[in-house]
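In my numbering, the protein residues as written are -3 to 292.
Structure first, commentary second.
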């Protein structure tokens, strides 16, 4: 029996027809929900909402299933957000008592950190995607300059050739954020580019050169023909110093001799460190014959 009023007619053979008014009063409580009057979701997020009070069974309907949908029964319902916006859940019990629950589906702004990047050919940049709605996708305007790969919310960009290009990250709602990448060739410098020594210098000492560049580590090599004069060459652990170890005898004949050490960075850019051994020259004896000035 549901709440309300009704009139009942009673009649028997000895009494005329009479009417009795009956009033049924509902003692049910108000409808309530476990989330109160509002719920906040993000797209693809679900929450369980429990309904109580009133008189079961209940019906729970969303006014806009494209924003948020509802499923379940027996007082327990799953509400799932789909796209940004606001809709209302209408809860009705068996006697028509109602409860409304506002559903807000929110999404944070799609962003990328850092907002742009630059590097040398052969290196790699990493960007972090946040906000929006997963899954994400990435594309490159000029794939000859950079190549991008996506893993979850991380974008790795391989730098292939000098130039600039634009990349786009889009989320599951179609929102897109653009960012730029600039690629340059690596640079490598040495200071000084050349040093001089006299052939009279002895003792297997060393000379140094300052290095700078944006694509370490650096490696050095010495021409095999010069190894009598340069017994070793090495780059410091911090890639800032080139040390050249000299042989014990630098005597030369026939004029100055230039030794060259080749320094190469991780991307193949190279620079030459020169070491010039100065010849003492010649002298002419009393008979007019030229002779090399001997090393002491």
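We put the CB at the ideal spot given by N, CA and C, even for glycine.
If you're wondering where the values come from, they're calculated on a predicted model, not measured in any experiment.
Collapsed DSSP secondary structure at residue i in the structure displayed
i	result
residue 109	strand
residue 206	strand
residue 34	strand
residue 60	coil
residue 222	helix
residue 164	strand
residue 234	coil
residue 244	coil
residue 195	coil
residue 93	coil
residue 27	coil
residue 67	strand
residue 216	strand
residue 267	strand
residue 190	strand
residue 251	coil
residue 100	strand
residue 129	coil
residue 229	strand
residue 159	strand
residue 52	coil
Cβ distance (whole Å) where residue i is taken to contact residue j below 8 Å
i	j	result
residue 249	residue 270	That pair is no contact at about 20 Å.
residue 77	residue 40	7 Å
residue 35	residue 97	6 Å
residue 74	residue 28	Their Cβ separation, rounded to whole angstroms, is 18 Å, which puts residue 74 and residue 28 out of contact at 8 Å.
residue 150	residue 124	6 Å
residue 258	residue 273	Contact doesn't hold; Cβ gap of about 18 Å is too wide.
Start-to-end residues for the beta strand (DSSP E) that takes in residue i
i	result
residue 142	142 to 147
residue 117	Where residue 117 is concerned, there is no enclosing beta strand (DSSP E), given that its DSSP letter is neither H nor E.
residue 73	72 to 77
residue 262	Note, residue 262: premise wrong, no beta strand (DSSP E); not H, not E.
residue 46	42 to 48
residue 135	133 to 136
residue 172	172 to 180
residue 83	81 to 88
residue 153	150 to 155
residue 297	Given that the chain is displayed from residue -3 to residue 292, the structure contains no residue 297 and the question cannot be resolved.
Environment of residue i [buried if 16+ CB atoms lie within 10 Å]
i	result
residue 37	buried
residue 252	exposed
residue 219	exposed
residue 102	exposed
residue 242	buried
residue 204	exposed
residue 187	exposed
residue 174	exposed
residue 111	exposed
residue 246	buried
residue 195	buried
Chain B contact for residue i (CB, 8 Å cutoff)
i	result
residue 148	This model lacks chain B altogether; it includes just one protein chain.
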